[in-house]
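In the working numbering, the protein residues as written are 9 to 499.
Right, here's the structure in full:
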């Protein structure tokens with residue numbers, strides 16, 4: 009009878025997707041950071057969530073920044089972020105935290121098995137973990153960094169209660185000793201890994217063990233930089249001890265990702281331990297912040313689509329800036345500065361500069377994200393189009409008189425749910441699958457006389473994908489519009 013019971017149990021475990029040989033990272037802090045009883049834990053988390061309303065922000069959630077202290081201290085603050093996930097259906101969740109107990113160099117990715125809480129097991133996405141690890145030698149497999157670490161574990165019961173019967177996988181990453189180069193490495197890996205099915209969670213606390221008023225000042229400074237998605241300002245504040253945040257490299261990488269996706273940040277809640285316990289002598293700060301991609305129906309996008317965003321004088325100034333940047337980069341002779349007082353040219357915006365010679369393409373470089381003021385973007389990409397487009401040799405001084413300039417000012421990217429939405433002549437296409445991506449401007453299809461399907465095929469090829477990859481469900485397709493103008497039009 010006992011033998012039959014064991015066999016039946018094994019069959020049950022395999023039917024649930026568990027293998028007796030698979031690694032399970034057991035709960036390290038149940039009973040201390042949160043209740044060890046499943047029913048009590050579920051009730052605790054549900055109560056936190058019920059106390060919160062969803063934010064009035066329309067768009068797709070890209071990332072959440074949440075605290076990780078014991079639930080009695082920061083659980084209610086964390087609930088402000090997790091509440092925003094109600095009604096979403098993320099399949100994969102990357103959770104990044106500091107390492108509180110083990111020192112090491114690099115970023116430790118937990119790459120197989122399960123994490124376990126009293127509410128059950130959460131499977132590791134081994135494929136996604138492997139993709140991230142393959143990006144750089146700075147990503148390492150060091151399970152010891154995760155054995156006792158609470159900062160990832162405490163986020164799981166919230167996810168388990170929000171998604172309940174919905175299956176999701178995780179990729180836990182613990183940050184080792186901070187190295188500035190990791191901002192770029194992690195940011196690039198996240199840009200390749202985070203898609204419409206994948207959420208990023210940064211698990212961090214703010215200032216530690218200051219008197220209440222000082223803690224509030226320090227935290228407000230850092231939160232303001234994150235809210236503005238200003239990585240340079242946040243880095244300067246950290247270096248000057250004007251703010252504190254554990255796992256600063258992860259937060260900086262999240263800001264980098266947000267700017268590449270033209271996202272915004274909203275502060276949902278701030279509090280510190282003194283607000284809970286009443287002891288304001290030595291407090292720890294907590295904040296919930298949502299990073300999201302706004303719906304693409306704002307006024308700016310509509311104006312660009314209607315070719316009404318920039319007036320003639322603003323377009324002419326951008327062309328002068330682009331021309332001066334090309335001449336300076338080719339000849340090495342510094343050109344006079346062109347003063348910019350127009351507010352619209354100071355707004356962050358993506359743009360491309362295209363160089364043509366006798367009507368033929370001679371170079372084209374751009375930013376698809378609104379990472380800099382428009383005039384700075386145009387200056388940068390004009391220079392790159394002249395000397396750094398590796399499809400062509402650098403433009404020579406003898407060619408300058410024959411170079412024609414065209415500027416494309418871009419709207420934010422919008423996920424394309426049906427390729428029938430793509431209008432040739434109006435939309436450009438950005439395509440991404442795995443670590444491959446490519447973009448074609450709206451005017452390319454018109455100039456080449458392509459129909460929609462041909463446009464899609466050529467965008468696939470530009471991305472280094474098979475021509476029919478646009479039909480693959482795992483291929484992400486984005487559209488955008490552009491306000492396009494050149495020197496000939498504005499003479």
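For every residue, glycine included, the Cβ atom is placed at its ideal position computed from N, Cα and C.
Cβ neighbours of residue i in the same chain (closer than 7 Å, five flanking residues each side left out)
{"i": "residue 305", "result": "Model confidence at residue 305 stands at a pLDDT of 42, short of 50, so the residue's coordinates are unreliable and nothing is read from them."}
{"i": "residue 337", "result": "391, 394 and 395"}
{"i": "residue 79", "result": "41, 42 and 52"}
Proximity winner among the options, relative to residue i (alpha-carbon distances)
{"i": "residue 47", "options": "141, 403, 165 and 68", "result": "165"}
{"i": "residue 229", "options": "390, 252 and 331", "result": "252"}
{"i": "residue 327", "options": "32, 363 and 235", "result": "363"}
{"i": "residue 359", "options": "341, 418 and 123", "result": "418"}
{"i": "residue 278", "options": "264, 288, 294 and 269", "result": "294"}
{"i": "residue 325", "options": "387, 103, 224 and 437", "result": "387"}
{"i": "residue 451", "options": "410, 190, 60 and 494", "result": "494"}
{"i": "residue 66", "options": "272, 479, 400 and 470", "result": "272"}
{"i": "residue 143", "options": "401, 276, 455 and 444", "result": "444"}
{"i": "residue 220", "options": "292, 208, 235 and 213", "result": "292"}
{"i": "residue 276", "options": "298, 334 and 186", "result": "298"}
{"i": "residue 226", "options": "431, 265, 249 and 430", "result": "249"}
Distance, residue j Cα to residue i Cα
{"i": "residue 458", "j": "residue 131", "result": "45 Å"}
{"i": "residue 284", "j": "residue 41", "result": "15 Å"}
{"i": "residue 161", "j": "residue 426", "result": "38 Å"}
{"i": "residue 464", "j": "residue 194", "result": "30 Å"}
{"i": "residue 355", "j": "residue 389", "result": "16 Å"}
{"i": "residue 21", "j": "residue 121", "result": "Unreliable placement is indicated for residue 21, whose pLDDT of 40 sits below 50; the coordinate value is still reported in the next sentence. Rounded to the nearest angstrom, the two C-alpha atoms are 14 Å apart."}
{"i": "residue 174", "j": "residue 96", "result": "10 Å"}
{"i": "residue 564", "j": "residue 374", "result": "Only positions 9 to 499 of the chain appear in this structure, which leaves residue 564 out of reach."}
{"i": "residue 231", "j": "residue 222", "result": "14 Å"}
{"i": "residue 343", "j": "residue 405", "result": "14 Å"}
{"i": "residue 34", "j": "residue 244", "result": "39 Å"}
{"i": "residue 136", "j": "residue 102", "result": "9 Å"}
{"i": "residue 50", "j": "residue 56", "result": "10 Å"}
{"i": "residue 433", "j": "residue 368", "result": "19 Å"}
{"i": "residue 496", "j": "residue 411", "result": "11 Å"}
{"i": "residue 91", "j": "residue 69", "result": "12 Å"}
{"i": "residue 145", "j": "residue 111", "result": "17 Å"}
{"i": "residue 61", "j": "residue 371", "result": "50 Å"}
{"i": "residue 400", "j": "residue 30", "result": "51 Å"}
{"i": "residue 59", "j": "residue 189", "result": "40 Å"}
{"i": "residue 235", "j": "residue 456", "result": "42 Å"}
{"i": "residue 479", "j": "residue 94", "result": "30 Å"}
{"i": "residue 87", "j": "residue 212", "result": "14 Å"}
{"i": "residue 486", "j": "residue 437", "result": "6 Å"}
Cβ shell of residue i (< 8 Å), same chain only, five flanking positions each side left out
{"i": "residue 484", "result": "203, 204, 423, 439, 440 and 441"}
{"i": "residue 420", "result": "270, 301, 302, 304, 309, 358, 378 and 488"}
{"i": "residue 138", "result": "119"}
{"i": "residue 499", "result": "none"}
{"i": "residue 246", "result": "230, 252, 253 and 256"}
{"i": "residue 322", "result": "350, 352 and 353"}
{"i": "residue 365", "result": "407, 410, 411 and 412"}
Same chain only: Cβ atoms within 6 Å of residue i, ignoring 5 sequence neighbours per side
{"i": "residue 416", "result": "360, 449, 490 and 492"}
{"i": "residue 82", "result": "75 and 294"}
{"i": "residue 129", "result": "122"}
{"i": "residue 104", "result": "181, 210 and 258"}
{"i": "residue 260", "result": "191 and 239"}
{"i": "residue 262", "result": "71 and 210"}
{"i": "residue 124", "result": "32, 34 and 35"}
{"i": "residue 288", "result": "220 and 282"}
One or two residues paired with residue i in a DSSP bridge
{"i": "residue 291", "result": "218"}
{"i": "residue 439", "result": "446 and 485"}
{"i": "residue 72", "result": "209 and 298"}
{"i": "residue 414", "result": "362 and 494"}
{"i": "residue 272", "result": "300"}
{"i": "residue 133", "result": "The partner list for residue 133 (beta bridge, DSSP) is empty, contrary to what the question assumes."}
{"i": "residue 116", "result": "148 and 182"}
{"i": "residue 369", "result": "364"}
{"i": "residue 32", "result": "122"}
{"i": "residue 375", "result": "359"}
{"i": "residue 143", "result": "Answer by DSSP bridge pairing: none, since residue 143 is not bridged."}
{"i": "residue 381", "result": "356"}
{"i": "residue 277", "result": "296"}
{"i": "residue 100", "result": "177 and 206"}
Uninterrupted beta strand (DSSP E) stretches inside the segment 162-243 (no shorter than 3 residues)
177-183, 206-211 and 216-218
In chain order, what are the residue ranges of uninterrupted beta strand (DSSP E) at least 3 long that sit wholly in the segment 453-494?
484-488 and 490-494
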